[in-house]
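A.B. asks: The sequence shown begins at 670 in the working numbering and counts up one residue at a time.
For glycine and all other residues, C-beta sits at the position ideal for the given N, C-alpha and C.
As the structure is a prediction and not an experimental result, all values here were calculated from the model.
Here it is: the structure, laid out below.
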Amino acid sequence: MSLTRRRARAAVATASCAVALTLVPAYGNAASPAGSDTSPTDRPDKQPVAVGTGGAVASLDAYATEAGLKILREGGNAVDAAVAVSAALGVVRPYDGSIGGGGVMMLQDGRTGKVSSINSRETAGSQVTPEHFVDPETGEPLPFEEARRSGLSVGVPGTVAGWEMALKRYGTMGLGQVLKPATSIAEKGFVVDAEYESRTESNAEYLNAFPSSRDTWLVDGESPKEGSVFRNPDIAKTYRLLARDGADAFYEGKLAKAIARTVTDPEDSGDSPTEVRPGKMTTADIASYRAQELAPTHSDYKGYDLYGMAGPTSGGTTVGEILNILERKDLSGLSEDEVLHEVIEASALSYADREAYLGDPDHVDVPVRGLLSDGFAAERAALVTDEASEKPVASGDPWPYDDGEGVALDMAANSPAGGQTTHLTVADDDGNIVSFTFTIEGISGSGMTVPGYGFLLNNELTDFSFDPQHPANAPDGGKRPRSSMSPTLVFKDGKPHTALGTPGGSRIITTVMQVLLNHLELGKTLPEAIAAPRISQRNESATELEAGLYDSPTADALRARGHKLVEGDPMNNVTGVSFLPDGGFLAAAEPERYGGGAAAVVDPAEGAASR
């Protein structure tokens, strides 16, 4: 689509998207700037599926999806829109992802067809050692929550550096333009929904422990209520700073000093349920941070080409390994319990290998080729029988199938679920595609807010192994912790087929894998594949099943095979885009899980709804 056409349509689109004012209570961490238009707006309509042309956006929140749609209608491309969506999510879903964390972005450049990835994963401070999470008094690893809610857990944030790299290399707009929608939302305020209230309330104890967090996110020590309007002028101020001065404003100067001070000298109201320990981060650590552009992982599944993130993110490798193991069988003719048995066994084997070998490739050797090789997949698949294996299972040896040299590790450690994250998927008419997962790790991250800047800091370093005897993912200075984030691009015969991803800690891998399996082999549309019930096996003694599956004949059949099952929470919040044969898009998000997501297209198909 031509830039002229996009701009001509922008005026019409803006008029059609006008929303009414709402008279509801308004809260915020400071008075709004004098003379500004601070009238709150109604929450945009939210729908899980949209079909049409001109571009597509799917995210976890309607305000954020609207921000991306606005940029597309103003002539921006998918990369521009993706940054706008992520900035808006930092306002309306601040406990999941923000500029206080990092992320991983898969993209296709519409000009060249090149598939690439941008790694803005956080790094450990230069003074961090493998014993970072070992209590010096006991010699034992710290309890997780004590480590998390402290300066020890915070890595140097990478989101802003990743934004700038993506925009400079693949975008058409600068930070100044793409941050405008999010800045407006932060200043005018957004209508609190049930999910936002619930997430705030569940973290109120920890947010109250840090004065700046209490003042930023709570109202009289409690969550803002559903239907009220919440404003965050501090993050609006920060976004305006970034719009004016670029990423340097984040990594140098007053803001960098404020981040380092928050980590090394944490505020403590005295109400924290755990000891608030100082962390290790200097302004030099922050100034030296660099995002990375990396070649993606590649695997194939029954005629589809799958591209994912390379290390230290384990998603591309582990999703690929699971599907490589499953490819040895024709699953389309099996019953549901037979398919899930195969999925459970392949997942346990692949997570064992993930635990043993996946880490930051700048610090440890990672046998990516071996893990994704057909030979290794065949070797691992041969271990699957008709009965459940005893879990955790041992890792395999991928090194004979790799170009490098390494030692086989016999590890059977599992991967706790943990973590909260957010994801967005964007595509445009010019062939640009973005699948972007970003995070501050746990819900509300470390719980610490940078005073006066309106964003929470991550607890990403708790993604390292607390036990220094796990070398692949042990903490170290400048190292990036292992992640499960799995933004994925799928191609068929060289053409885009599907882009998707999800939040959800180490369940991300099993969720993305199941949606791909349901969509690519088992005949489900993308919305059907997203809505389908899920399981998660992460090399643990028991497999988690969502409620809809746990009490079912399928579960009974799995138990009869010897599988131990537990009922789990709703698993993750997927967004994705399918590329239709006529050149159009189908944008899809969760219909129900965690309040559902929001999908939209620029030009809805006749009879189809979109913003």
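1) Can you find the residues in the same chain that come closer than 7 angstroms, C-beta to C-beta, to M950, ignoring five residues on each side of it along the sequence?
2) Do S1064 and D664 have their beta-carbon atoms positioned less than 7 angstroms apart in this structure?
3) Smallest Cα separation from T1167: which of D1272, Y976, I1109?
4) I need the straight-line Cα distance from S767 to F1124, nearest angstrom please.
5) Would you report the Cα separation of V1271 and V748, rounded to the nearest angstrom?
6) Under 7 angstroms between the Cβ atoms of T1091 and P1172?
7) Could you round the C-beta distance between N877 and D940 to whole angstroms and report it? I think they count as a contact, below 8 angstroms.
8) Ignore the nearest five residues each way along the sequence and tell me which others in P1165's own chain have a CB closer than 8 angstroms to its CB.
9) According to the neighbour-count rule (16 or more other Cβ atoms, all chains shown, within 10 Å of its Cβ), is G1002 buried or exposed?
10) Please determine, among S1016, R997, Q961, E1048, the residue with the shortest C-alpha to C-alpha distance to G980.
11) If the criterion is Cβ atoms closer than 7 angstroms, does the pair E1197 and S1205 meet it?
12) Are the beta-carbon atoms of F1045 and P1067 separated by less than 7 angstroms?
13) On the three-state DSSP scale, how would you describe K926?
14) Under the assumption that T943 contacts E806 (Cβ atoms under 8 angstroms), give the Cβ distance between them as a whole number of angstroms.
15) For S881, count neighbouring Cβ atoms within 10 angstroms of its own Cβ and tell me buried if that reaches 16, exposed if not.
16) Could you tell me the alpha carbon to alpha carbon distance between T734 and F1107, rounded to whole angstroms?
17) For I1204, list the residues DSSP reports as bridge partners.
18) Are the segment 825-835 and the segment 713-720 in contact at 8 angstroms, needing three or more beta carbon pairs?
19) Can you say whether S1115 is buried or exposed, counting buried as having 16 or more other CB atoms within 10 angstroms of its CB?
20) Along the chain, where does the alpha helix (DSSP H) containing Q1183 start, and where does it finish?
21) Check whether the Cβ atoms of M1182 and V988 lie closer than 7 angstroms to each other.
22) Spatial neighbours of P1137 within its chain, please: CB distance less than 6 angstroms, with the 5 preceding and 5 following residues excluded, ordered by chain position.
23) Tell me which same chain residues have a C-beta within less than 7 angstroms of the C-beta of K998, skipping the five on either side of it?
24) Would you give the residue range spanned by the alpha helix (DSSP H) that S1153 belongs to?
25) In its own chain, which residues sit with a C-beta less than 8 angstroms from the C-beta of R674, not counting the 5 before and 5 after it?
26) Taking only runs of the alpha helix (DSSP H) that begin and end inside the segment 853-892, which ones reach a length of at least 4 residues, in chain order?
27) Ends of the beta strand (DSSP E) at H1032?
28) Pick helix, strand or coil for E1275, following the three-state DSSP scheme.
29) Look at the Cβ atom of K947, then the Cβ atom of G770, and state whether they are nearer than 7 angstroms.
30) On the three-state DSSP scale, how would you describe D1099?
31) What's the C-alpha gap between D1220 and E990?
32) So within the segment 774-850, which uninterrupted alpha helix (DSSP H) runs reach at least 4 residues, ignoring any that extend past its ends?
33) Can you tell me where the alpha helix (DSSP H) holding S1019 begins and where it ends?
34) Within 10 Å of its beta-carbon, does A1141 have 16 or more other beta-carbons around it, so buried, or fewer, so exposed?
35) Looking at the strands, I want to know which residues DSSP matches up with V1270.
36) Can you list, in chain order, the residues of its chain whose CB lies under 6 angstroms from that of M797, leaving out five sequence neighbours each side?
C.D. replies: A quick look at the data gives this:
1) On the sequence shown, residue 950 is found 281 positions in, with the first residue counted as 1. Answer for M950: G794, V823, V825, A929, V932, T933, listed in chain order.
2) The first residue shown for the chain is 670 and the last is 1280, placing residue 664 beyond what the model contains.
3) Within the sequence shown, the letter at position 498 stands for residue 1167. That would be Y976, whose Cα lies nearest to the Cα of T1167.
4) In the sequence shown, counting from the first residue as 1, residue 767 sits at position 98. In the sequence shown, counting from the first residue as 1, residue 1124 sits at position 455. Going by the C-alpha atoms only, they are around 7 angstroms apart.
5) Here the question's residue 1271 lines up with position 602 in the sequence shown. Here the question's residue 748 lines up with position 79 in the sequence shown. Going from the Cα of V1271 to the Cα of V748 covers about 15 angstroms.
6) As a first step, residue 1091 must be located in the sequence shown, where it is residue number 422. As a first step, residue 1172 must be located in the sequence shown, where it is residue number 503. Contact: yes.
7) Indexing the sequence shown from 1 puts residue 877 at position 208. Indexing the sequence shown from 1 puts residue 940 at position 271. That belief holds up - the Cβ atoms of N877 and D940 are roughly 5 angstroms apart, short of 8 angstroms.
8) Translated into the one-based positions of the sequence shown, residue 1165 becomes position 496. Excluding sequence neighbours, P1165 sits near Q777, A1096, G1100, I1102, L1158, V1159, F1248.
9) Walking along the sequence shown from the start, residue 1002 turns up at place 333. So G1002 ends up on the exposed side.
10) Within the sequence shown, residue 980 is the residue found at index 311, counting from 1. The shortest Cα separation from G980 among S1016, R997, Q961, E1048 belongs to Q961.
11) In the sequence shown, residue 1197 corresponds to position 528, counting from 1. In the sequence shown, residue 1205 corresponds to position 536, counting from 1. No, the pair does not count as a contact, with Cβ atoms beyond the cut-off.
12) As a first step, residue 1045 is located in the sequence shown; it is residue number 376 there, counting from the start. As a first step, residue 1067 is located in the sequence shown; it is residue number 398 there, counting from the start. Going by C-beta atoms, F1045 is nearer than 7 angstroms to P1067.
13) Counting from 1 along the sequence shown, the entry for residue 926 is found at position 257. Residue state, collapsed to three classes: helix.
14) The residue labelled residue 943 in the question sits at position 274 within the sequence shown. The residue labelled residue 806 in the question sits at position 137 within the sequence shown. Not a contact, Cβ separation roughly 15 angstroms.
15) One-based indexing of the sequence shown puts residue 881 at position 212. The residue in question, S881, is buried, as its Cβ has 16 or more Cβ neighbours within 10 Å.
16) In the sequence shown, residue 734 corresponds to position 65, counting from 1. In the sequence shown, residue 1107 corresponds to position 438, counting from 1. Going by the C-alpha atoms only, they are around 15 angstroms apart.
17) Position 535 of the sequence shown, counted from the start, is the residue given in the question as residue 1204. Paired residue(s): L1214.
18) no
19) Residue mapping note: residue 1115 aligns to position 446 of the sequence shown, counting from 1. That one is buried.
20) Position 514 of the sequence shown, counted from the start, is the residue given in the question as residue 1183. Q1183 -> alpha helix (DSSP H) spans 1176-1189.
21) The residue you call residue 1182 lines up with position 513 of the sequence shown. The residue you call residue 988 lines up with position 319 of the sequence shown. Yes, Cβ-Cβ distance for M1182 and V988 is below 7 angstroms.
22) By 1-based counting over the sequence shown, the position of residue 1137 is 468. Cβ neighbours of P1137 beyond the five flanking positions: P799, E800, A1143.
23) By 1-based counting over the sequence shown, the position of residue 998 is 329. For K998, where only same-chain residues beyond five positions count, the Cβ hits under 7 angstroms are E1011.
24) Taking the sequence shown and counting its residues from 1, the one referred to as residue 1153 is at position 484. Run containing S1153: none; DSSP gives neither H nor E here.
25) Taking the sequence shown and counting its residues from 1, one reaches residue 674 at position 5. With a pLDDT of 31 at R674, under the threshold of 50, the modelled position of that residue is not reliable, and the figure given next carries that caveat. Excluding positions up to five away in sequence, the list is empty.
26) 863-871, 873-877, 880-886
27) Locating residue 1032 in the sequence shown gives position 363, where the first residue counts as 1. Segment: none, H1032 is in no beta strand (DSSP E) and carries neither H nor E.
28) Locating residue 1275 in the sequence shown gives position 606, counting from the first residue. Coil at E1275, not helix or strand.
29) Taking the sequence shown and counting its residues from 1, the one referred to as residue 947 is at position 278. Taking the sequence shown and counting its residues from 1, the one referred to as residue 770 is at position 101. This sequence places Pro at residue 947; Lys is not what is there. Not closer than 7 angstroms, so no.
30) Taking the sequence shown and counting its residues from 1, the one referred to as residue 1099 is at position 430. Coil at D1099, not helix or strand.
31) As a working mapping, residue 1220 is identified with position 551 in the sequence shown. As a working mapping, residue 990 is identified with position 321 in the sequence shown. Looking at the two C-alpha atoms, the distance is approximately 29 angstroms.
32) 813-817, 828-839, 844-847
33) Working through the sequence shown from its first residue, we reach residue 1019 at position 350. Segment 1005-1026, the alpha helix (DSSP H) holding S1019.
34) On the sequence shown, residue 1141 is found 472 positions in, with the first residue counted as 1. Counting Cβ neighbours within 10 Å, A1141 comes out buried, since at least 16 surround it.
35) Indexing the sequence shown from 1 puts residue 1270 at position 601. Beta-bridge pairing links V1270 to A725.
36) The residue you call residue 797 lines up with position 128 of the sequence shown. Strictly speaking, residue 797 in this sequence is Val, with Met absent from that position. Counting only Cβ-Cβ distances below 6 angstroms, and skipping sequence neighbours, we find K949, P1144, G1146.
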